[in-house]
């Protein structure tokens with residue numbers, strides 16, 4: 158194992174497996190990055206990728222809306238751009254197919270049952286999607302932002318009879334074999 162920035166990873170390999178779980182969505186220029194990763198594979202080696210594909214889900218749309226409509230709007234003007242917009246499955250296939258013998262791409266939506274209602278949804282994203290929105294804020298602003306976000310999430314994700322919420326979470330998977 159080696160710890161490095163993926164987009165600056167200089168080791169040429171070859172590798173039998175390169176596994177990227179929920180990380181590439183934070184990096185730009187997939188059209189350059191993915192063929193470069195595929196180029197590090199040995200013959201028969203595989204690049205396995207999972208990326209959350211949830212930027213258009215209410216959870217993430219509401220992050221952007223609360224950021225743009227609050228007193229912190231100027232502080233958070235760049236927060237939404239920290240995640241890379243996902244390409245289509247066809248685009249990812251086209252990026253990798255010239256470099257690989259086989260490319261499989263699929264999208265699956267998992268429905269995670271979260272206890273605590275809307276607060277469970279907010280807590281779920283505090284360790285990922287909310288980081289760019291919360292990091293620039295003071296503690297008081299974070300509290301206010303999260304209160305407004307929670308109110309919006311409550312409307313978007315109504316609680317089930319047991320008080321939990323079913324959170325749809327789309328993910329894009331790619332397995333490209335050289």
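In our numbering, the protein residues as written are 158 to 335.
Think of the CB as a built atom: it goes at the ideal place given N, C-alpha and C, for glycine as much as any other residue.
Inside the segment 244-288, DSSP marks whole beta strand (DSSP E) runs of 3 or more residues at positions 259-271, from first to last along the chain.
Rounded to the nearest angstrom, the gap between the Cα atoms of residue 183 and residue 212 is 12 Å. Pairing residue 225 with residue 335 gives a Cβ-Cβ distance that is not under 9 Å. Ranked by how close their Cα comes to the Cα of residue 291, the residues 179, 205 and 235 have 235 in first place. Per DSSP, residue 189 is one residue of the alpha helix (DSSP H) stretching across 187-195. Close CB contacts of residue 220 within its chain, under the 7 Å cut and outside five residues either way in sequence, are with 286, 287, 290 and 306 (chain order).
For residue 307, the enclosing alpha helix (DSSP H) starts and ends at 296-313. The beta-carbon separation of residue 208 and residue 243, rounded to 7 Å, stays under the 8 Å limit for a contact. In the three-state reduction of the DSSP assignment, residue 215 falls in the helix class, which pools H, G and I. Apart from the 5 residues on each side of it in sequence, residue 177 sits with its Cβ closer than 6 Å to the Cβ of 206 in its chain, given in chain order. Residue 271 has its alpha-carbon roughly 21 Å from the corresponding atom of residue 329. Of the candidates 171, 280, 313 and 317, 280 places its Cα closest to the Cα of residue 300. Here residue 328 carries a strand assignment [DSSP, helix/strand/coil].
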